[in-house]
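**Q**
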Ligand SMILES: [Zn+2]
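Numbering (this note's numbering), first residue to last: 252 to 495.
This is the structure we're talking about:
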């Protein structure tokens, strides 16, 4: 099979296969910055959140027990073959659920917003682990937010963000919307109210600045991301790529 053939098939069955055709929408006067994350699937600069679907967790539990069952089966046995099938089915189910969720969430965003700004995840290492925090007196490691961060299995999250921003980009292009990708550097540390750096540990969920700005840290990031997107559209240099 030639390379081109495979590429075509991938297009037909891949994440963009049901994106749809050109359907320009009336111009919207609302724009949005989006912080994709682990606590929430997405924090919007408007202050609202898109949460990870609950069924991801359910499917994840099921998959974990199927994998455990598989590990107990004898190699070459009929039962093992069955267990392998169950694991594969679990993966397929999660992939389908994710695809469905991505399409619904991206459709909602494109319908509502004219300019959609994301961080460029190609330059952000999202799987980077939070450094363990050590208690100064006991020397014991204490929770640092990483455990909350790891609430959903990485395998479920990882396949998500790049595919999602890709789907949003395609739908946005069809609809005549603009998607901007900005450099993620410092977006979580800058104050959306006054622009100064407010250093925060990963475990600190709240952004509080001397200028009086107080809000959820991810919402703050989303607002900064939107500001950086505007800087790009007005001729600045922050973004790394844009679709329009
Ligand atoms: Zn401030």
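Even for Gly, the Cβ is constructed at its ideal location relative to N, Cα and C.
The structure displayed is predicted, hence computed values, not measured ones.
Let me know if residue 457 comes out buried or exposed under the rule of 16 or more other beta-carbons within 10 Å of its beta-carbon.
**A** By the neighbour-count rule (16 or more Cβ atoms within 10 Å), residue 457 is not buried but exposed.
**Q** Taking C-alpha atoms, which residue in 438, 428, 443 lies nearest to residue 280?
**A** Here the closest residue by C-alpha is 428.
**Q** In the DSSP assignment, what residue or residues form a beta bridge with residue 448?
**A** DSSP, once it has assigned bridges, lists 441 as partnering residue 448.
**Q** Alpha carbon to alpha carbon, how far is residue 317 from residue 475? Give it in angstroms, no decimals.
**A** If you take the alpha carbons of residue 475 and residue 317, they lie about 42 Å apart.
**Q** At 4 residues or longer, what runs of the alpha helix (DSSP H) sit wholly inside the region 265-345?
**A** Listed in chain order, the complete alpha helix (DSSP H) runs (minimum 4 residues) inside the region 265-345 are 305-322.
**Q** Ligand 1 heavy atoms versus the CB of residue 446: any closer than 8 Å?
**A** Result yes, Cβ under 8 Å from ligand 1.
**Q** Tell me whether residue 351 sits in a helix, a strand or coil according to DSSP, three-state version.
**A** The answer is helix: DSSP assigns residue 351 an H, G or I state.
**Q** Rank 310, 413, 325, 340 by C-alpha distance to the C-alpha of residue 372 and give the top, closest one.
**A** Per the Cα distances, 413.
**Q** Going by DSSP, which residues form a beta bridge with residue 459?
**A** Looking at the DSSP assignment, residue 459 forms a beta bridge with 465.
**Q** Which residues in the same chain have their Cβ closer than 6 Å to the Cβ of residue 415, if we skip the five residues on either side of it in sequence?
**A** Excluding sequence neighbours, residue 415 sits near 353.
**Q** Can you tell me where the beta strand (DSSP E) holding residue 369 begins and where it ends?
**A** 366-370 is the span of the beta strand (DSSP E), which, as asked, contains residue 369.
**Q** Considering only C-alpha positions, which residue in the set 362, 453, 466, 326 is nearest to residue 276?
**A** Answer by Cα proximity: 362.
**Q** Let's see if you can read the secondary structure: which residues bound the beta strand (DSSP E) around residue 432?
**A** From DSSP, the beta strand (DSSP E) with residue 432 extends over 429-433.
**Q** In whole angstroms, what is the alpha-carbon distance linking residue 301 and residue 486?
**A** Straight-line Cα distance between these residues: approximately 30 Å.
**Q** Can you give me the C-alpha to C-alpha distance between residue 321 and residue 360, rounded to a whole angstrom?
**A** One C-alpha to the other measures close to 40 Å.
**Q** Along the chain, where does the alpha helix (DSSP H) that runs through residue 415 open and close?
**A** Here the alpha helix (DSSP H) through residue 415 covers 412-426.
**Q** Excluding the five sequence neighbours on either side, which residues of its own chain have a C-beta within less than 7 Å of the C-beta of residue 462, listed in chain order?
**A** Only 442, 444, 445 meet the Cβ criterion.
**Q** Can you grab the Cα-Cα spacing for the pair residue 449 / residue 370, in whole Å?
**A** The straight-line gap from Cα to Cα measures roughly 19 Å.
**Q** Can we count residue 278 as close to ligand 1, meaning its CB is less than 8 Å from some heavy atom?
**A** Residue 278: no, Cβ never under 8 Å from ligand 1.
**Q** Among the residues of its own chain, which have a CB less than 6 Å from the CB of residue 293, if the five just before and after it don't count?
**A** These residues qualify, in order along the chain: 285, 287, 301.
**Q** What do you reckon, are the CB atoms on residue 473 and residue 328 nearer than 9 Å?
**A** Against a cut-off of 9 Å, the Cβ pair of residue 328 and residue 473 comes out as no contact.
**Q** Can you name, in chain order, every residue of its own chain whose Cβ lies under 8 Å from the Cβ of residue 345, other than the five neighbours on each side?
**A** Only 307, 310, 311, 314, 407 meet the Cβ criterion.
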